[in-house]
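Trainee: Chains A and B, in that order, are what the protein sequence lines are.
For the first sequence, this note's numbering gives the first residue as 508, with consecutive numbering after it.
For the second sequence, this note's numbering gives the first residue as -18, with consecutive numbering after it.
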Amino acid sequence: MTRLRLLAGPDLSLGPERLHAHVERLGPTPVLGHSLIDMLEASGLTGRGGASFPVARKWRSVARHRGGPVVVVNGAEGEPQSLKDRVLMSTRPHLVLDGALLAARTLKASQVIVYVGEDHREARAAMAGALAERPDPELRRARLVAAPARYVAGESSAAVNLLDNSIASPMSKPPDPHEAGVGDAPTLVQNVESLAHVSLIARYGAEWFKSAGRRGGAGTVLITVAGAVPSPGVVEIEAGTTVREVLDMAGGVDPASRAVLIGGYFGTWVDFAAAQDLALDPAALRERGLGLGCGVVGVISSRGCGVCETARIMRYLAGESSAQCGPCFFGLRALADACGRIADKGSNADDLARLHRWARDVRGRGACRHPDGAAMFLQSALQTFAPEFSTHPAHWRANAGGRDAA
Amino acid sequence: MTDQLLWYTTRAAGAVSLVLLTAVVILGVLSALRFKTAGWPGFLTTGLHRNLALVTLVFLALHIVTAVVDPFTHLGWLSAIVPFSSYYRTFWLGLGTIAFELLAAIVVTSLLREYVGHATWRVIHWLTYAAWPIGVVHGLGTGTDAWSPWFFTLTLVCVAAVGFAVAYRLVAGSRDPLAAPRASFRSGVERKSEQ
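Right, dumping it as structure tokens:
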């Protein structure tokens, strides 16, 4: 059984844990100073927003640059399939705020901003309530800002752009936010799950963090299980737990299912059978050319159609381009069109060749990684669903598509 | 003979640079219009613009190096770097030095665009509108062939072509195909009042 850490304590259905209960259970926020960054480095904690960037390295970069830093607590969670940030904020808000407080104190931040998706009402209410309970001056002065419900709004430079210019579209880098972000101050934009882990590492140490984990993984990870599973939702697992074990936790899945999407819409489709023994751990997945992303594990059933599902997601991602860079806006639209033609009108060699070529062409050609994420997602679909893509039939009904197709 | 060869090379490279630079400027001016047809895809304008600019630098380097090493001119390397430092045609040569340095800044920031950022790159790229006329005046002012019919005609054609391209761009306006979708995306992610 998984040792619960972030989600340990009272039942999640009871809603946000209050400050007194949180302190009674875990003790007060420890006072550590700069040694916390060494502890984070020793723990090997990586960011849980999608990029799996080492947390200690980001903190060091913020600390190295001049000016009173800003800490942005990133709970935008724009990924449609992901729920884990919402669940964490709605049930353990003080774990997140402890992490924010530790970041603010360690980096001597002048400002803390809690950035939560505007549609995540429960999470926002829980964070607002939790902020009001905190006596710490850093958190009393914190601002709660609503993130627009768009895919790119949680990207770190988009968050900075919203806070500075009221527009949540990504900005070109350099400078990265950790060099010059909000008001040109070095800015730590950190996912809420990452901050919650920080608060526990500060209390119990790096060795304790690593004592959870299987097959070489360190610590625990929040996973959203989505798609064709009996009980979708958020589970906490030890890093290195296999996809098979995670799907068992979600009620067991039809062994004839077609494929698994690992990492959400910027993730990778993997053949269902091949995915079973994959260890869900950032480092282990990277070795296999995959990524944990935002921790989504999505299942498509044996009756689902990978082509139609891919076409739907590509259409969504194309619509989420902020239209700043031509290759992203026009490239993703062209890719979504070609995908949609195969899904609706049937497979054809021309569109297949275009998909392969354009998916290579759009990569690395945007101010942010939006085109890269969408192209990598598509490339994995072309590989995993290669038979379906080359034999997909035309749909007679004009608006056929989605899971009931094929 | 060698000395004459150097001098001929200087003059020829100067004339070639003028023509190439004019083509680069016109392509740059027109790239904002995003001109494309079935036979001329959009990337051709920008690709030509970039590659011709790099070729221009080669001819400019040839123009400068042959002028400096020519034993009859005694220009010295300093005059290639510091404007108005040459004893010979101080003003007109100084203009050439300035034009070259502006172009060097434009090329270097273009090659390092990822590092200097888009805004800085763009501002420095606007210096083209200073560098090109300064280069043309340098050619008319000091060129050995300046008032020969062929070179004068060439200069006139270049000036007319750039003038026409700029006028056309001003009249046609910048057709940004992303303007409408960008505005619509931005209106969706704009949040004026924060809690």
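In this text, a Cβ means the ideal position worked out from N, Cα and C, and glycines have one as well.
Let me check understanding here. Comparing Cα to Cα, which of B:Leu(-13), B:His44 and B:Ala(-4) lies closest to Trp128 (chain B)?
Mentor: For the purposes of this step, residue 128 (chain B) is identified with residue 147 of the second sequence, where counting begins at 1. Checking every option, the nearest Cα to that of Trp128 (chain B) belongs to B:Ala(-4).
Trainee: Residues bridged to Ile769 (chain A) by DSSP?
Mentor: The residue you call residue 769 (chain A) lines up with position 262 of the first sequence. Partner(s): A:Thr775 and A:Val804.
Trainee: Following the continuous beta strand (DSSP E) through Gln697 (chain A), name the residue where it begins and the one where it ends.
Mentor: Along the first sequence, read from residue 1 onward, the residue named residue 697 (chain A) stands at position 190. First-last of the beta strand (DSSP E) with Gln697 (chain A): Thr694 to Asn698.
Trainee: Are the C-beta atoms of Ala830 (chain A) and some chain B residue less than 8 angstroms apart?
Mentor: Taking the first residue of the first sequence as 1, we reach residue 830 (chain A) at position 323. Closer than 8 angstroms: yes.
Trainee: Between the region 96 to 129 of chain B and chain A, which residues of the former have a C-beta closer than 8 angstroms to a C-beta of the latter?
Mentor: Here the close residues are Tyr96, Gly98 and His99.
Trainee: Could you tell me the distance, in whole angstroms, from the CA atom of Ala709 (chain A) to the CA atom of Lys717 (chain A)?
Mentor: Working through the first sequence from its first residue, we reach residue 709 (chain A) at position 202. Working through the first sequence from its first residue, we reach residue 717 (chain A) at position 210. Cα to Cα, the separation comes out at about 13 angstroms.
Trainee: Can you pull the chain A residues whose beta carbon is under 9 angstroms from the beta carbon of Lys209 (chain B), in chain order?
Mentor: The question about residue 209 (chain B) has no answer here: the residues shown for chain B are numbered -18 through 176.
Trainee: Is the CB of Leu669 (chain A) under 8 angstroms away from at least one CB in chain B?
Mentor: Counting from 1 along the first sequence, the entry for residue 669 (chain A) is found at position 162. Yes, because at least one Cβ of chain B sits closer than 8 angstroms to the Cβ of Leu669 (chain A).
Trainee: What number of angstroms, rounded off, separates the C-alpha of Cys801 (chain A) from the C-alpha of Gly770 (chain A)?
Mentor: To locate residue 801 (chain A), count along the first sequence from 1; it is residue 294. To locate residue 770 (chain A), count along the first sequence from 1; it is residue 263. Roughly 6 angstroms between the two C-alpha positions.
Trainee: Take Val0 (chain B) and list the residues in its own chain whose beta-carbon comes closer than 8 angstroms to its own, dropping the five residues that flank it on each side.
Mentor: Counting from one through the second sequence, the residue named residue 0 (chain B) turns up at place 19. Around Val0 (chain B): Leu135 and Cys139.
Trainee: DSSP has Val579 (chain A) in a bridge; who is on the other side?
Mentor: Taking the first sequence and counting its residues from 1, one reaches residue 579 (chain A) at position 72. Val579 (chain A) is bridged to A:Ile620 and A:Val696.
Trainee: Step through the CB atoms of chain A and report whether any lies within less than 8 angstroms of the CB of Gly169 (chain B).
Mentor: Here residue 169 (chain B) corresponds to residue number 188 of the second sequence, with the count starting at 1. Using a CB distance cut-off of 8 angstroms, Gly169 (chain B) counts as an interface residue toward chain A.
Trainee: My output table needs one value for Arg650 (chain A): the three-state DSSP class, helix, strand or coil.
Mentor: Working through the first sequence from its first residue, we reach residue 650 (chain A) at position 143. Of the three classes helix, strand and coil, the one that applies to Arg650 (chain A) here is strand, per DSSP.
Trainee: Does any residue of chain A bring its CB to less than 8 angstroms from the CB of Arg163 (chain B)?
Mentor: Walking along the second sequence from the start, residue 163 (chain B) turns up at place 182. Interface residue (Cβ-Cβ distance to chain A less than 8 angstroms): Arg163 (chain B) is classified as such.
Trainee: In whole angstroms, what separates the C-alpha of Gly582 (chain A) from that of Ser550 (chain A)?
Mentor: One-based indexing of the first sequence puts residue 582 (chain A) at position 75. One-based indexing of the first sequence puts residue 550 (chain A) at position 43. Their backbone Cα atoms lie some 23 angstroms apart in a straight line.
Trainee: Among the residues of its own chain, which have a CB less than 7 angstroms from the CB of Gly20 (chain B), if the five just before and after it don't count?
Mentor: Translated into positions along the second sequence, residue 20 (chain B) becomes position 39. Within the same chain, Gly20 (chain B) has no close Cβ partners at all.
Trainee: Cutting at 8 angstroms between CB atoms, please list the residues of its own chain near Trp113 (chain B), excluding the five before and the five after it.
Mentor: On the second sequence, residue 113 (chain B) is found 132 positions in, with the first residue counted as 1. Leu2, Thr3, Val6, Ala80 and Val143.
Trainee: Tell me the start and end of each unbroken beta strand (DSSP E) in the region 529 to 568 of chain A that is at least 3 residues and wholly inside, in chain order.
Mentor: none
Trainee: Taking the alpha carbon of Phe560 (chain A) as the reference point, which residue from A:Val696, A:Thr749, A:Ala757 and A:Ala881 has its own alpha carbon closest?
Mentor: Indexing the first sequence from 1 puts residue 560 (chain A) at position 53. It is A:Val696 whose Cα lies nearest to the Cα of Phe560 (chain A).
Trainee: Just checking, does the region 862 to 881 of chain A make contact with the region 747 to 754 of chain A on the three C-beta pairs under 8 angstroms criterion?
Mentor: No, the region 862 to 881 of chain A is not in contact with the region 747 to 754 of chain A.
Trainee: When you compare each of A:Leu669, A:Ala515, A:Pro684 and A:Leu526 to Arg167 (chain B) by their alpha carbons, which one comes out closest?
Mentor: If you number the second sequence from 1, residue 167 (chain B) lands on position 186. Of the listed residues, the one whose Cα sits closest to Arg167 (chain B) is A:Leu669.
Trainee: Just the Cα atoms here: how many angstroms apart are Thr691 (chain A) and Ser673 (chain A)?
Mentor: By one-based count along the first sequence, residue 691 (chain A) stands at place 184. By one-based count along the first sequence, residue 673 (chain A) stands at place 166. The sequence given here has Asp at residue 691 (chain A), not Thr. Answer to the nearest angstrom: the Cα atoms are 15 angstroms apart.
Trainee: Please classify Asp857 (chain A) as buried or exposed, where buried requires at least 16 other C-beta atoms within 10 Å of its C-beta.
Mentor: The residue you call residue 857 (chain A) lines up with position 350 of the first sequence. It counts as exposed.
Trainee: Is Ala905 (chain A) buried or exposed, if buried means 16 or more other CB atoms sit within 10 Å of its CB?
Mentor: Start at 1 with the first residue of the first sequence, and residue 905 (chain A) comes out as number 398. Because Ala905 (chain A) carries a pLDDT of 45, less than 50, the predicted location of this residue cannot be relied on, and no value is offered for it.
Trainee: Out of B:Thr(-10), B:Val10, B:Phe133 and B:Leu35, point me to the one whose CA is closest to Ala146 (chain B)'s CA.
Mentor: Here residue 146 (chain B) refers to the residue found at position 165 of the second sequence. Out of B:Thr(-10), B:Val10, B:Phe133 and B:Leu35, B:Val10 has the C-alpha closest to the C-alpha of Ala146 (chain B).
Trainee: Which of helix, strand or coil does DSSP assign to Ala635 (chain A)?
Mentor: Here residue 635 (chain A) is taken as the residue at index 128 of the first sequence, counted from 1. Of the three classes helix, strand and coil, the one that applies to Ala635 (chain A) here is helix, per DSSP.
Trainee: So for Gly747 (chain A), helix, strand or coil by DSSP?
Mentor: As a position in the first sequence, residue 747 (chain A) is number 240, starting the count at 1. Looking at Gly747 (chain A) - three-state DSSP - the assignment turns out to be coil, as it is neither helix nor strand.
Trainee: Within the chosen definition, does the region 518 to 538 of chain A reach the region 649 to 659 of chain A through at least 3 CB pairs nearer than 8 angstroms?
Mentor: no
Trainee: For chain A, find out if any of its Cβ atoms is closer than 8 angstroms to the Cβ of Leu25 (chain B); answer yes or no.
Mentor: Residue mapping note: residue 25 (chain B) aligns to position 44 of the second sequence, counting from 1. Chain A contact via Cβ: absent.
Trainee: Quick check: the Cα distance between Lys173 (chain B) and Ala675 (chain A), rounded to an integer number of angstroms?
Mentor: Here residue 173 (chain B) refers to the residue found at position 192 of the second sequence. Here residue 675 (chain A) refers to the residue found at position 168 of the first sequence. Computed Cα separation, rounded: 11 angstroms.
Trainee: Ignoring anything shorter than 3 residues or poking outside the region 656 to 685 of chain A, list the beta strand (DSSP E) runs there in chain order.
Mentor: Those beta strand (DSSP E) runs which fall completely within the region 656 to 685 of chain A and span 3+ residues do not exist here.
Trainee: Taking only the alpha-carbon atoms, compute the straight-line gap between Ala914 (chain A) and Leu41 (chain B) and give it to the nearest angstrom.
Mentor: Nothing about residue 914 (chain A) can be reported from this structure: the residues present for chain A run from 508 to 913 only.
Trainee: Under 7 angstroms, CB to CB, which of the residues in the region 651 to 667 of chain A have a partner in chain B?
Mentor: Leu651, Val652, Ala653, Pro655, Arg657 and Ala660
Trainee: I'd like to confirm the pairing. Which residues does DSSP put opposite Ala780 (chain A) in its beta bridges?
Mentor: On the first sequence, residue 780 (chain A) is found 273 positions in, with the first residue counted as 1. Paired residues: none, contrary to the question.
Trainee: Under a Cβ-count criterion, where at least 16 other Cβ atoms within 10 Å of its own Cβ denotes burial, should Gln588 (chain A) be classed as buried or exposed?
Mentor: For this step, residue 588 (chain A) is matched to residue 81 along the first sequence. Burial call: buried.
Trainee: For a test of the three-state rule: what should DSSP assign to Leu859 (chain A), helix, strand or coil?
Mentor: Within the first sequence, residue 859 (chain A) is the residue found at index 352, counting from 1. Looking at Leu859 (chain A) - three-state DSSP - the assignment turns out to be helix.
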